Amino acid sequence: MGDLGLFGPGSVTWKVHAEPILMVAGLRALLLQTLHPRALAGVVQNSDFRVRPWHRLETTVTYVVTVNYGTTADAEEAGRKVRYIHSRLRGVDPRTGEEFRLDDPDLLRWVHVVEQESFLDVARRSGVKLTDAEADEYYREQLRAAELVGLDPATVPSSRAEVAEYYESMQPELATTRDTVESMLFMAVPPMPFGLGWTPLRGAYTGVAALALSMLPTWARQRYGLPGLAVADPAASMAARILRAGIMPIPRRLIEGPIYKAAMARARAAGHAI
113 MGDLGLFGPG
123 SVTWKVHAEP
133 ILMVAGLRAL
143 LLQTLHPRAL
153 AGVVQNSDFR
163 VRPWHRLETT
173 VTYVVTVNYG
183 TTADAEEAGR
193 KVRYIHSRLR
203 GVDPRTGEEF
213 RLDDPDLLRW
223 VHVVEQESFL
233 DVARRSGVKL
243 TDAEADEYYR
253 EQLRAAELVG
263 LDPATVPSSR
273 AEVAEYYESM
283 QPELATTRDT
293 VESMLFMAVP
303 PMPFGLGWTP
313 LRGAYTGVAA
323 LALSMLPTWA
333 RQRYGLPGLA
343 VADPAASMAA
353 RILRAGIMPI
363 PRRLIEGPIY
373 KAAMARARAA
383 GHAI
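In our numbering, the protein residues as written are 113 to 386.
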């Protein structure tokens with residue numbers, strides 16, 4: 113009961129990931145990751161995400177929540193499973209025909225940085241109050257998550273400035289291919305689960321997908337052929353703030369998962385005010 117996990121109360125990670133608005137960040141991260149041809153090929157060639165997109169989403173969300181709110185043992189076990197799976201998988205670069213490993217540090221680093229930058233960007237732009245120092249601390253805290261998937265923390269950007277430099281250095285590696293566009297369209301309009309295609313859920317998801325696209329960095333929107341003018345950013349931020357304000361009145365017990373609830377119970381048992 114005393115194990116508060118890799119981060120715990122008072123961490124920026126717990127502050128950021130307590131926000132339901134991060135559902136937008138998850139989709140934003142996937143849209144960014146898709147711009148890396150090898151990262152996309154690794155997913156397309158080794159998963160059934162187009163057949164079971166919601167299962168893959170649930171698996172990813174469970175992993176992220178376990179790392180951030182699970183016990184230390186649970187987080188380490190989740191990381192061990194991911195490392196084992198990645199070590200067995202291979203992909204073929206669609207541009208060169210070269211075979212590559214899915215646990216290639218360059219690919220792991222891209223996925224990690226894109227996820228953390230998306231979580232932080234959406235949180236801040238939707239109104240979560242975080243200072244620049246806290247934002248940098250978030251990246252430093254998340255080095256522990258990077259280490260879980262097999263990365264050397266010394267090779268991972270750990271501040272806003274380092275992430276900006278990393279994105280700049282990655283531009284030559286990114287490309288918009290047919291697979292990129294098809295994957296983007298699939299993520300924007302996926303088959304809905306449980307036969308809920310023609311229900312308000314479809315409209316709600318479409319709105320979230322549109323917001324995720326609008327919150328991409330300017331260079332990423334341009335690669336998707338979307339308006340890349342910086343003047344569009346304030347409108348996207350305002351939409352995110354409105355969505356967050358709309359979510360906040362929902363009783364937390366209805367949207368908090370069991371891993372998060374267990375973390376809060378352990379924190380209270382340890383004497384922390386939650």
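Beta carbons are placed, not taken as given, at the ideal position from N, Cα and C, and that holds for glycine. Remember, predicted model here, so these are calculated numbers, not experimental data.
- Short of 7 Å from the beta carbon of I367, and not among the five residues preceding or following it, lie these beta carbons of its own chain, in chain order: P132.
- The DSSP assignment places complete alpha helix (DSSP H) segments of no fewer than 4 residues inside the stretch 290 to 372 at 290 to 300, 312 to 326, 330 to 335, 344 to 359, in order along the chain.
- Beta-bridge annotation (DSSP): V204 is paired with E211.
- Judged by their CB atoms, Y336 and T288 are nearer to each other than the 8 Å cut-off.
- When the five nearest sequence neighbours on each side are left out, the beta carbons in the same chain lying within less than 8 Å of the beta carbon of T178 are those of D186, A187, A190, I371, in order along the chain.
- Taken atom to atom, the span from the alpha-carbon of M299 to that of A321 is near 8 Å.
- For R380, the number of other beta carbons within 10 angstroms of its own is below 16, and it is reported as exposed.
- Of R236, V124, E229, W166, the smallest CA-CA separation from R353 is found for R236.
- Closest option to A258, judged by alpha-carbon separation, among R192, V234, L297: R192.
- A351 has its alpha-carbon roughly 11 Å from the corresponding atom of G239.
- Boundaries for F119: no alpha helix (DSSP H) harbours it, and the DSSP string shows neither H nor E there.
- With a 10 Å radius around the Cβ and a threshold of 16 neighbouring Cβ atoms, Y181 comes out buried.
- Under a 10 Å Cβ-count criterion, W166 is classified as exposed, with fewer than 16 other Cβ atoms of the shown protein chains found around its own Cβ.
- As the crow flies, the alpha-carbon of E229 is around 17 Å from that of L286.
- Rounded to whole angstroms, the Cβ separation of R221 and F212 is 14 Å, and the two are not in contact under 8 Å.
- In the three-state scheme derived from DSSP, where H, G and I count as helix and E and B as strand, T183 is classed as coil.
- Linking S270 to S326 through their CA atoms gives a straight-line distance of about 25 Å.
- About 12 Å separates the beta carbon of L255 from that of V275, a gap too long to meet the 8 Å contact definition.
- About 20 Å separates the Cβ atoms of Y175 and V156, ruling out a contact at the 8 Å cut-off.
- The distance from the Cβ of P149 to that of R207 is about 6 Å, consistent with a contact at the 8 Å cut-off.
- With contacts defined by Cβ atoms closer than 8 Å, A385 and L143 do not form a contacting pair.
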